[in-house]
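See structure below.
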Amino acid sequence: MDKLRTAELDEFSELLFRALDRLGGDLLPFFLSERPSAYEKYPRMLVALIQRHGVEAGFQEWSTKVLRDASDHRKADEYGELEKLRQWMLTHEDLFDKAHLAHLKRSLYGRIYAYLYPRRLLTTAYAEAHRGDKEATEEKAIQANFRADVAPQIEQLREVYGDGERLEKIIADAEEFLVISGKRYAWKEKDRS
Numbered sequence: 007m008d009k010l011r012t013a014e015l016d017e018f019s020e021l022l023f024r025a026l027d028r029l030g031g032d033l034l035p036f037f038l039s040e041r042p043s044a045y046e047k048y049p050r051m052l053v054a055l056i057q058r059h060g061v062e063a064g065f066q067e068w069s070t071k072v073l074r075d076a077s078d079h080r081k082a083d084e085y086g087e088l089e090k091l092r093q094w095m096l097t098h099e100d101l102f103d104k105a106h107l108a109h110l111k112r113s114l115y116g117r118i119y120a121y122l123y124p125r126r127l128l129t130t131a132y133a134e135a136h137r138g139d140k141e142a143t144e145e146k147a148i149q150a151n152f153r154a155d156v157a158p159q160i161e162q163l164r165e166v167y168g169d170g171e172r173l174e175k176i177i178a179d180a181e182e183f184l185v186i187s188g189k190r191y192a193w194k195e196k197d198r199s
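Residue numbers for the sequence shown follow the numbering used here, so the first one is 7 and each next one is one higher.
Here it is, written out as structure tokens:
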């Protein structure tokens, strides 16, 4: 067997998870404590449809299901992410052979968790710091305060990812996700009784 093209699989995974995360709904878990099946449902469905129908037809069937289940108010704004994924997949169609698809199926949970963990770490830290403050989930407040309010978590991630483009992408993704999902992060004050 030829060597797996892991760099391209990583690029595909990031595009796939970003598209699902941006489209909202329950396409990817909001909290990291969800069961593995909640992480894998839509990515695993895409892999199975590609195996059955090929890249283009598999993607079309999958995207129909995803769009039906996506957040209604985010479809129009985030559809471009889905189209970017489709174009990438068609350009790299030869990547989706039997060996690579089998590897993806076996590594999905780890890949998704690795994508979501640093992003959810930052967004939940921000939400927890502003529990009971609905104004903190407004776009201007997030843009003004996000990096400062999650500085300890950014330092924690810096130890793992180092300084540079990867860490900056994680921070930017988390901030963007918080802006578009802000209302879901408007947590009530904890009951002190």
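We put the beta carbon where it would ideally sit given N, CA and C, even for glycine.
Our two residues, His106 and Ile176, have alpha carbons roughly 26 Å apart in a direct line.
The shortest C-alpha to C-alpha distance from Asp16 to any of His59, Ala180 and Ser113 is the one to Ser113. Contact check between the region 51-64 and the region 134-152: fewer than three CB pairs, one atom from each, fall below 8 Å, which does not count as touching. Cβ atoms of Leu34 and His109 stay farther apart than 8 Å, at about 20 Å. When rounded, the separation of the alpha-carbon atoms in Phe183 and Ser19 is 18 Å.
Within the region 36-62, the runs of alpha helix (DSSP H) at least 4 residues long that lie entirely inside it are, in chain order, 42-59. Taking 8 Å as the upper bound for CB-CB distance, Leu88 and Ala25 are in contact here, some 5 Å apart. Between Leu128 and Ala76, the gap from beta carbon to beta carbon reaches 8 Å or more. Taking all protein chains shown into account, Thr12 has fewer than 16 neighbouring C-beta atoms within 10 Å of its C-beta and is therefore exposed. Taken atom to atom, the span from the alpha-carbon of Val185 to that of Ile118 is near 21 Å.
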